[in-house]
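In the numbering used here, the protein residues as written are 737 to 1361. Below you'll find the structure, written out as structure tokens, and then a few comments.
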């Protein structure tokens, strides 16, 4: 037969269940503003009856229930929506990083007013034009020097600004790697706690919320995927590699790369292999530092070294009032102090390479003249070589244009004397040196007998930087070359100290000896001023105006793209967060409704226990004699 006190036990279970439910609601209400919190619900179930069909049972109809029990306290969560949030967060992190630093880069490009490099370069050309009109006036030469100094100061300032941002980004990379490792270790600690609690049959809801919040923060820094199919081994991957596997962490490390100016690569801590993030804040920072900022500095360096080289080329051919030629207007710092460009690249004490910036043919070419030749010119590219084909109907201009559009790490142009000139550009591959011509070959006669640059056609006559004295492959006569400059010329270029001390030695005319000196000759100054509008091929740009127009527009467009992308991805994230809050967030009205329900349940259970107590009082105290 049933126990007399069974009703009391049944009522007690109801009181406990309703109390726990009310406590859970209070927990929800108090965490309504807690980031990452998911509302919780008590799941109720009936207690198993005392009798079982396979066992002895009293002779009475049906089974008598034993009340209510709490089967679990669950958090309300949509895992599919959670995964969508994680996959979207890395895009937000990527574009936020780019937007922040591109805005800073735009500020370096002060292209409005007289303080811009473009305006100062215009003033520099104008000073040479004035000198060509009054070549005998010392005041005109002093203006050339002063405007040159002001221009170089602005170039140096822009370089310093870009380099400072690049260094800031590298520091941010190191900080972010540390944050990623910290998040990984915190997630690992939570994994261990969660496994222990779940092993005891409990739901560690608050710890699960904390882990989800850390995973979302991690996903903003690096793209990740989450695998929680195995409750005992929560895993986080990036690009198919484990970051976390249960209680095991595979951390990252920032390691300096001397080939990349000592900036840090991201590598796996356990084996040192390089990590290439494709999304998230880390990917955005790496792309900014190694692509966007590197391109900006390379373009500035390319403009600077071409500007310096062309002005010096004309000035060296000019005759100054002292009857001297061969005087540079700008001081060039060379990568090496060997006049043939020979360099010991492997450090064994023997020259094994040629670091040459410019190669110039000895023959004068007409831009619109057809070559009448067939052949293939082989040029260096980022990952090998690229071929440029020419045929008899191609003009010199056609072939030069084809070379400059080939994607090679080299540009071609005709100088003021019509000589074909090749100049190296910053390398597209960081493993190769900047401003070094690595190879040049022609299967035909265009670079050989026609341009007067190489001695012979084919591989035997090819120029190859991977040997000393490669300049011996140049044709005899008026062909010429210059040694590669020191890295980042926009950071060190200056005016010749002799000219700064005595502007009167500036050359303004042409001549071959002291007897040819003519104080009124301004042809050299006019030739330098004409560089302003000539097609001089500054890397991929035809003229200085093309360079300034394109670089300023490019950085503005990159900033605009980053701003729009941040806005659009944040809108997507906000929509997903709103959906998540509608599922997992705490709704005050809903919680109050649930509170009233369980309050009534608690009151009913208390009244039921009071009634059972009254019945037992009757049996115990009022029955009998």
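Glycine is no exception: its CB is placed at the ideal position from the N, C-alpha and C atoms. All of these numbers come straight from a predicted model, not from anything done at the bench.
Rounded to whole angstroms, the gap between the alpha carbons of residue 843 and residue 1299 is 15 Å.
Counting every other CB atom within 10 Å of its CB across the protein chains shown gives residue 1357 a total below 16, marking it as exposed. By the criterion of at least three beta-carbon pairs nearer than 8 Å, the segment 1020–1032 is not in contact with the segment 935–945. Listed in chain order, the non-local C-beta contacts of residue 1048 below 8 Å within the same chain comprise 1064, 1065, 1066 and 1068, local neighbours out to five positions each way being set aside.
Annotated three-state conformation of residue 1177 is strand, per DSSP. For residue 951, the number of other beta carbons within 10 angstroms of its own is at least 16, and it is reported as buried. For residue 749, the uninterrupted alpha helix (DSSP H) run begins and ends at 742–766, by DSSP. With a 10 Å radius around the Cβ and a threshold of 16 neighbouring Cβ atoms, residue 768 comes out exposed. The residues 1136, 1157, 1271, 1272 and 1273, in chain order, have a CB closer than 7 Å to that of residue 1149 in the same chain once the five nearest residues on each side in sequence are set aside. At least 7 Å separates the beta-carbon of residue 820 from that of residue 1322. Of the residues 1317, 990, 1293 and 1332, the one whose Cα lies closest to the Cα of residue 838 is 1293. At least 7 Å separates the beta-carbon of residue 1197 from that of residue 1110. Burial check for residue 1051: the Cβ neighbour count within 10 Å reaches 16 or more, so the residue is buried. By the CB criterion at 7 Å, residue 861 and residue 1265 fall inside the cutoff. Beta-bridge pairing by DSSP links residue 1245 to 1055.
For residue 1328, the enclosing alpha helix (DSSP H) stretches over residues 1324–1353.
In the structure shown, residue 1198 adopts coil according to DSSP, grouped into three states. Ranked by Cα distance from residue 831, the options 1302, 1318 and 755 are led by 1302. Under the three-state reduction of DSSP, residue 862 is assigned to helix. Pairing residue 921 with residue 973, the inter-Cα distance amounts to about 14 Å. Secondary structure note for residue 1228: it is in no alpha helix (DSSP H), with a DSSP letter that is neither H nor E. Leaving aside the five residues that flank residue 993 on each side, the residues in its chain whose CB is nearer than 8 Å to its CB run, in chain order, 999, 1000 and 1001. Residue pairing by DSSP places residue 1221 opposite 1070 in a beta bridge. Going by DSSP, residue 1259 is part of the alpha helix (DSSP H) stretching over 1259–1266. When the beta-carbon positions are compared, residue 1346 and residue 750 stay at least 7 Å from each other. For residue 1285, there is no enclosing beta strand (DSSP E); the enclosing alpha helix (DSSP H) covers residues 1280–1320. The criterion of a C-beta distance shorter than 7 Å is not satisfied by residue 1187 and residue 1042. Secondary structure remark: continuous alpha helix (DSSP H) runs of at least 4 residues inside the segment 1099–1172, in chain order: 1132–1140. Annotated as distal: residue 754 and residue 1295, with beta-carbon spacing of 7 Å or more. Within the same chain, 799, 800, 801 and 802 come within 7 Å of residue 785 by CB-CB distance, once the 5 residues on both sides are set aside. Separation of residue 1151 and residue 1108 (C-alpha to C-alpha, rounded to the nearest whole angstrom) is 22 Å. When DSSP states are grouped into helix, strand and coil, residue 781 belongs to the strand group.
Taking 7 Å as the cut-off, the Cβ atoms of residue 1089 and residue 1228 do not count as close. Here residue 1163 really is in contact with residue 1169; their C-beta atoms are around 6 Å apart, less than 8 Å. By the neighbour-count criterion, in which a residue is buried when 16 or more other Cβ atoms sit within 10 angstroms of its Cβ, residue 1359 is exposed. Within the model, the alpha-carbon separation for residue 1036 versus residue 812 is close to 56 Å.
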